[in-house]
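Residue numbers (this note's numbering): 20 to 333.
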Ligand SMILES: Nc1ncnc2c1ncn2[C@@H]1O[C@H](COP(=O)(O)OP(=O)(O)OP(=O)(O)O)[C@@H](O)[C@H]1O
Ligand SMILES: [Mg+2]
């Protein structure tokens with residue numbers, strides 16, 4: 020399998036602080052991977068090591084097959100990085116467009132291609148009217164948009180984004196998320212992003228990893244993590260006519276559920292192994308002459324899963 024980001028047994032210490040502890044992780048081509056965890060968990064440190072800004076203490080990171088310690092130049096050539104402090108890393112003596120041009124040239128992007136790419140990014144990020152202004156005159160959000168443009172200006176195959184939407188307004192955040200999704204489609208680019216916005220990770224990321232105290236504690240697709248941590252699932256059942264109490268007692272008498280009650284004109288029950296038991300429950304109701312209109316699961320959010328995993332860990 021094509022694994023452009025390969026982290027093996029990575030540990031990074033700062034004196035006595037173990038910021039990242041024995042992390043193993045592979046991110047597949049075309050994947051959008053979300054890195055989640057509390058403050059000081061080790062997210063940014065991992066990104067810094069993977070993008071050659073910090074050397075690993077133990078272990079290795081390979082980007083597109085290049086080792087971050089042995090082949091840093093090759094690694095830098097294939098990555099884009101929006102650093103955590105991305106809003107404050109521009110050259111204020113240059114204009115916004117010149118900043119992008121400068122970085123594009125560092126990456127040897129051919130002139131015409133670079134010009135087109137800069138126009139496209141400035142247009143997309145709604146920075147075109149500020150192209151000739153110094154980033155020193157920008158608001159935090161505008162600076163962050165310029166950082167994002169800079170991370171993408173050379174069209175890198177692997178992109179690291181450390182909290183990409185933290186300073187963006189909701190409309191721009193949504194636009195940036197749609198853009199990331201579009202770029203990762205068809206395996207054009209691979210994204211590794213740190214975020215505190217769990218709904219963002221839930222909608223955007225193919226897989227997420229939870230890191231806590233430097234340790235990677237869980238990795239999986241949001242739906243997989245839900246299944247793993249929510250073995251007891253909750254369902255809401257709606258009936259065509261009255262009969263709620265009858266339905267409740269039938270469900271109870273099957274002995275298949277952990278609890279059953281009536282809430283807002285619906286029967287709500289909690290069950291384990293729902294895929295086996297739900298059909299039996301519905302059959303019992305139908306055989307008793309009740310018409311089931313809707314059976315809907317109350318799906319926990321990624322936030323619920325996160326709180327369960329991280330909350331129980333610290
Ligand atoms: N240059 C450094 N020197 C000393 N300690 C550091 C350094 N950089 C990070 N640390 C420590 O390493 C730990 C992990 O920090 P890191 O920035 O990776 O956390 P994070 O998960 O990105 O947190 P946040 O969500 O707040 O951005 C913290 O305890 C931090 O204080
Ligand atoms: Mg951070």
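We put the CB at the ideal spot given by N, CA and C, even for glycine.
How about residue i: is its Cβ closer than 7 Å to a heavy atom in ligand 1?
| i | result |
| --- | --- |
| residue 61 | yes |
| residue 30 | no |
| residue 78 | no |
| residue 329 | no |
| residue 58 | yes |
| residue 33 | yes |
| residue 36 | yes |
| residue 71 | no |
| residue 250 | no |
| residue 159 | no |
| residue 184 | no |
Return the Cβ separation of residue i and residue j in integer angstroms, given the expectation that the two are a contact with Cβ distance under 8 Å.
| i | j | result |
| --- | --- | --- |
| residue 241 | residue 221 | 5 Å |
| residue 39 | residue 64 | 5 Å |
| residue 114 | residue 153 | 6 Å |
| residue 187 | residue 160 | 6 Å |
| residue 11 | residue 287 | With the chain covering only 20 through 333, there is no way to say anything about residue 11. |
Rounded to whole angstroms, what is the Cα-Cα separation between residue i and residue j?
| i | j | result |
| --- | --- | --- |
| residue 28 | residue 42 | 5 Å |
| residue 235 | residue 45 | 12 Å |
| residue 202 | residue 180 | 14 Å |
| residue 285 | residue 311 | 11 Å |
| residue 148 | residue 166 | 16 Å |
| residue 324 | residue 244 | 7 Å |
| residue 91 | residue 212 | 20 Å |
| residue 84 | residue 277 | 50 Å |
| residue 264 | residue 320 | 30 Å |
| residue 70 | residue 23 | 13 Å |
| residue 197 | residue 294 | 33 Å |
| residue 227 | residue 205 | 20 Å |
| residue 124 | residue 139 | 17 Å |
| residue 289 | residue 251 | 6 Å |
| residue 316 | residue 297 | 11 Å |
| residue 68 | residue 62 | 10 Å |
| residue 18 | residue 271 | Nothing about residue 18 can be read from this structure; the chain reaches only from 20 to 333. |
CB of residue i to nearest heavy atom of ligand 2: below 7 Å?
| i | result |
| --- | --- |
| residue 103 | yes |
| residue 107 | no |
| residue 213 | yes |
| residue 181 | yes |
Problem - alpha helix (DSSP H) segments (min. 4 residues) lying fully within the segment 82-159 - result: 91-97, 115-125 and 130-143
Problem - Complete beta strand (DSSP E) runs within the segment 269-304 (minimum length 3 residues, chain order) - result: 278-282 and 285-291
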